[in-house]
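Residue numbers (this note's numbering): 10 to 190.
1) Quick one: give me the first and last residue of the alpha helix (DSSP H) that residue 98 is part of.
2) Mind checking residue 55: buried by the 16 CB within 10 Å criterion, or exposed?
3) Find the nearest neighbour of residue 99 within the set 139, 158, 116 and 118, judged by alpha-carbon distance.
4) Which full runs of the alpha helix (DSSP H) of 4+ residues lie inside the stretch 131 to 190, going along the chain?
5) Measuring CB atoms only, is the stretch 103 to 117 touching the stretch 134 to 144, in the sense that at least three cross pairs come out at less than 8 Å?
6) Confirm, please, whether the CB-CB distance from residue 113 to residue 173 is below 9 Å.
7) Just tell me which of 166, 138 and 133 has its CA closest to the CA of residue 156.
8) In three-state terms, what does DSSP make of residue 10?
9) Excluding sequence positions up to five away, which residues of its chain have a Cβ less than 8 Å from the Cβ of residue 179?
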């Protein structure tokens, strides 16, 4: 079954074929026709896929203008409440108490002068509180500044309580005068 290739080739007779003179030109022509036949190409699809890919990559890797997660949770402006949770509680207590006292005050024609005097002092204390907060931001956290801020809040609350007390006394004297008349 196995045959030696040499034995098979011994019996092979080579045919003598004469090639035409323009055989090479005909071969080139057939080759170019076969290779350059018009096939349906989807070049526009390749261009569209490239554009989509570039847009996707640019959206993914371009830097964003907004910062999602801050590196460190440091406020731009330090106030008394930003120093520690205890100081935030103190500041919230005093500010809520001040607002409560303000909401309980009744302004009338008789007590307008009294209001004006107290509110001028409270306005000065508010400006001083802001300047102390600015000093806290420029100089850093300092016990003296923190104590001054807390003292300022306490003083404002005391002034409002004193105003409330004087208004009550004024109201009582007005009621007594109207009752005696």
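Every residue gets a Cβ at the ideal spot worked out from N, C-alpha and C, and that includes glycine.
Quick answer:
1) Numbered from 1 along the chain shown, position 89 holds the residue referred to as residue 98. Counting along the chain, the alpha helix (DSSP H) containing residue 98 begins and ends at 94 to 113.
2) Taking the chain shown and counting its residues from 1, one reaches residue 55 at position 46. Exposed, by the Cβ-count rule.
3) The count along the chain shown starts at 1 and reaches residue 99 at position 90. When only C-alpha atoms are compared, the closest one is 158.
4) 152 to 189
5) no
6) Taking the chain shown and counting its residues from 1, one reaches residue 173 at position 164. Taking the chain shown and counting its residues from 1, one reaches residue 113 at position 104. Yes, the Cβ-Cβ distance between residue 173 and residue 113 is below 9 Å.
7) Translated into positions along the chain shown, residue 156 becomes position 147. The option with the nearest alpha carbon to residue 156 is 138.
8) In the chain shown, residue 10 corresponds to position 1, counting from 1. The pLDDT assigned to residue 10 is 49, lower than 50, so where the model puts this residue is not dependable, and the model offers no usable value.
9) Within the chain shown, the letter at position 170 stands for residue 179. In the same chain as residue 179, and ignoring 5 residues on each side of it, the C-beta atoms closer than 8 Å to its own belong to 119, 120 and 123, in chain order.
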